[in-house]
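Data block below; observations after.
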Amino acid sequence: MDSRGWNRCLALELLLLPLSLLAISIQGYLVHMTVVSSSNVTLNISESLPENYKQLTWFYTFDQKIVEWDSGKSKYFESKFKGRVRLDPQSGALYISKVQKEDNSTYIMRVLKKNGNEQEWKIKLQVLDPVPKPVIEIEKREVVDDNCYLKLSCLIPGESVNYTWYGELPKEIQNSVLETTLKPHKHSRCYTCQVSNSVSSENGTVCFSPPCTVARSFGVEWIASWLVVTVPTILGLLLT
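Next up, the structure:
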């Protein structure tokens, strides 16, 4: 692969570094949170608790209690959360460690005021696993009239993810399959498939040398890693 091809692949990989995200939206007393599995999560409301409340209870479902604070003491109930949760009575925050997809639910915090009235807040928690690194499969590759016809697939079985193709394309392709035709050219071309969900993203890249030969794309990742370590060192030497 020539230097121009590698440079283009490298620039593409650096622009598409994986991201870890936490998505939160608020609608009235219902808060939506999307987090990555194995992370530690804080369930909390966006306002202050009623002053001098009598009792505070967190529910996993409408009838399954997680913890209850009453008369200055916290009681943790027998559940899958025991040993993984901690309550802060002052803010009402519930800390959960190492959440898994099985922890998906609408959590309820119910507060009993001194006047006997109750107030509750709901937090809908969605836990997603990080997306795996995609493997690009070449379903079709043939030369017709000096043009290289390609059909590439980037499917991850059993996962609900978004697909986006990047490279020398007329526009971004948001599909698990890419079909494109390479005109006669003198430099290599690379195509990157990015798979993502609300909390993570991963990329896979495949490159082709003229006229329609698969090139080794792992060199892109090696060069990117080398630059991450080397460039700051060189800049530091130049500035001293």
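Residue numbers for the sequence shown, in mature numbering (1 follows the signal peptide of the UniProt record, and there is no 0): -23 to -1, 1 to 217. Just so you know, even glycine gets a beta-carbon here, dropped at the ideal spot from N, CA and C.
Buried or exposed (CB count within 10 angstroms, at least 16 for buried), residue i
i, result
"Ser48", "exposed"
"Ile3", "Here the model assigns Ile3 a pLDDT of 39, short of 50, so the residue's position is not dependable and the matter cannot be decided."
"Asp80", "buried"
"Gly144", "buried"
"Phe39", "exposed"
"Leu71", "buried"
"Leu33", "buried"
"Ser177", "buried"
"Thr19", "exposed"
"Ala(-1)", "At Ala(-1), the pLDDT of 47 sits below 50, so the modelled position is not reliable and the matter cannot be decided from this model."
"Thr190", "exposed"
"Val120", "exposed"
"Thr169", "buried"
"Val112", "exposed"
"Ser15", "exposed"
Extent of the continuous beta strand (DSSP E) to which residue i belongs
i, result
"Cys167", "166 to 173"
"Gly181", "178 to 186"
"Ala70", "Run containing Ala70: none; DSSP gives neither H nor E here."
C-beta neighbour in chain B for residue i, strict 7 Å
i, result
"Gln103", "The structure shown contains no chain B; it is built from a single protein chain."
Residues bridged to residue i (per DSSP)
i, result
"Thr38", "In the DSSP output, where bridge partners are listed per residue, Thr38 has none listed."
"Ile115", "Leu129"
Assumed close pair residue i, residue j - CB separation to whole angstroms, cut-off 8 Å
i, j, result
"Glu156", "Lys128", "5 Å"
Cβ-Cβ distance between residue i and residue j below 7 Å
i, j, result
"Lys149", "Ser130", "Looking at the sequence provided, one finds Glu at residue 149 rather than Lys. For Glu149 and Ser130, no; Cβs fall outside 7 Å."
"Ile85", "Glu95", "no"
"Val138", "Val183", "no"
"Leu26", "Gly69", "yes"
"Lys50", "Leu89", "no"
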